[in-house]
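In the numbering used here, the protein residues as written are 19 to 225.
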Amino acid sequence: MIVTIDGVAASGKSSVASGVARALGVPYVSSGLLYRAATLLGQQAALDLREVTGLISHLQAHALRLEPLSEGNRVWLGEQDLTGDLHSTQVDRDVSVVAAHPEVRAWVDEQLRALPAPFVAEGRDMGTNVFPQAAAKFYLTASPRVRAERRAHERPEDVAAIEAALVERDTLDTTQSAPAEDARVIDTGPLSLQGVIETILSTLPKK
Ligand SMILES: Nc1ncnc2c1ncn2[C@@H]1O[C@H](COP(=O)(O)OP(=O)(O)O)[C@@H](O)[C@H]1O
Ligand SMILES: Nc1ccn([C@@H]2O[C@H](COP(=O)(O)OP(=O)(O)O)[C@@H](O)[C@H]2O)c(=O)n1
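Here it is, written out as structure tokens:
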């Protein structure tokens, strides 16, 4: 079974996906980490991230591997674990430009579709584009202020700066961020993390 959890930035996707995956005893798959890793590699090589040709050849020459685990995903470049560098403000700033390239999206999608089910996949277009056949689909939202307050525990900037950056990224991500027609939309604002996880678990089809 594949379950998809999409949503806007910092809406709780990875925390919720991890909780749902642990309850089901399956891994979760964080698609955003591959977009973040592509961005980091491009930044480290000082590439112009608006130019897709150079970026794609660079990605093809550096085999990145997503390791989906239920506790937390990791991204490897050979033996090097890149995960700790993927959630920086610098990567946040450029990732939507990288993710807008159809060639980069195809590079990510190919890796995701090669993963063996069952799993919980989280991102923006898991239920619409990558796994339209998923057994259950969810889409998480919350107001920009609520999301910024949550993310302020994970970034050095103040809440107002984080909120402005989240809203900008939501706008840049609009194309790939629409909920699937058959997704259940959950406003996580009034709910605890455990509350969101339980809401999802209670509506999953019985095996
Ligand atoms: N419903 C919730 N209530 C309170 N905090 C939450 C909730 N959902 C997520 N969080 C917290 O918000 C932050 C961002 O969540 P995260 O799972 O990283 O979101 P995303 O993967 O959508 O960016 C984390 O610190 C997480 O613990
Ligand atoms: N399925 C996906 C997942 C992420 N992304 C891109 O990758 C970026 C980072 O995704 P993420 O899920 O790690 O970001 P957060 O929502 O956790 O902040 C997003 O802002 C999108 O630009 C995407 O385009 N499609």
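We treat Cβ as the ideally placed atom computed from N, Cα and C, and that holds for glycine.
Closer than 8 angstroms: residue i CB and nearest ligand 3 heavy atom
i, result
"L209", "Although ligand 3 was asked about, the structure shown includes only ligand 1 and ligand 2 as ligands."
Selection from the options that minimises the alpha carbon distance to residue i
i, options, result
"D24", "G60, I204, Q108", "I204"
"I218", "A28, R163, A41, S114", "A41"
"S29", "R54, R187, S220, P150", "R187"
"L104", "E172, P208, L222, A178", "E172"
"P86", "D110, D99, Y46", "Y46"
"I74", "Q98, R123, L51", "R123"
"P134", "Q212, L84, G90", "L84"
"P208", "A64, T159, S195, A55", "T159"
Own chain partners of residue i with C-beta closer than 7 angstroms, once the 5 adjacent residues on each side are dropped
i, result
"A79", "none"
"L95", "H80, L82"
"V185", "P162"
"I180", "A166, R169, A170, R173"
"Q108", "Q61"
"R92", "E85, D99, T101"
Nonlocal neighbours in the same chain, by C-beta distance under 6 angstroms from residue i, ignoring five residues either side
i, result
"V44", "P136, F137"
"V148", "D127, L130"
"V70", "H119, E121"
"L222", "A154"
Residue i Cβ short of 8 angstroms to ligand 2 heavy atom set
i, result
"K31", "yes"
"Q108", "no"
"V185", "no"
"S75", "no"
"R92", "no"
"A198", "no"
"L82", "no"
"R54", "yes"
"E121", "no"
Residue i Cβ short of 8 angstroms to ligand 1 heavy atom set
i, result
"V71", "Sequence check: residue 71 is Thr here, not Val. No, the Cβ of T71 stays beyond 8 angstroms of every heavy atom of ligand 1."
"R113", "Per the sequence shown, residue 113 should be read as Val rather than Arg. Every heavy atom of ligand 1 is 8 angstroms or more from the Cβ of V113, so no."
"L158", "yes"
"A166", "no"
"E279", "Missing from the structure shown is residue 279; the chain here goes from 19 to 225 and no further."
Cut-off 8 angstroms between Cβ atoms - residues of its own chain near residue i, not counting five sequence neighbours on either side
i, result
"V177", "R163, A166, E167, A170"
"L13", "The structure shown has nothing for residue 13, since the chain only spans 19 to 225."
"S88", "S36, A39, R40, G43, V44, P45, Y46"
"A183", "T107, D110, R111, E175"
Query raised in the report: Between the segment 19–39 and the segment 60–78, are three or more C-beta pairs nearer than 8 angstroms?
Result: Contact between the segment 19–39 and the segment 60–78 is absent, because fewer than three Cβ pairs lie under 8 angstroms.
**Report entry** Within the segment 108–152, ranges of the alpha helix (DSSP H) (whole runs, at least 4 residues)
**Finding:** Complete alpha helix (DSSP H) runs here, min 4: 120–131.
Requested in this report: Please determine if the segment 185–197 and the segment 140–154 are in contact, where contact requires at least 3 C-beta pairs separated by less than 8 angstroms.
Outcome: Contact between the segment 185–197 and the segment 140–154 is present, because at least three Cβ pairs lie under 8 angstroms.
Query raised in the report: Fully enclosed by the segment 28–115, which alpha helix (DSSP H) runs are 4 residues long or longer?
Result: Entirely contained in the segment 28–115, the alpha helix (DSSP H) runs reaching 4 residues are, in chain order, 31–42, 49–62, 70–79.
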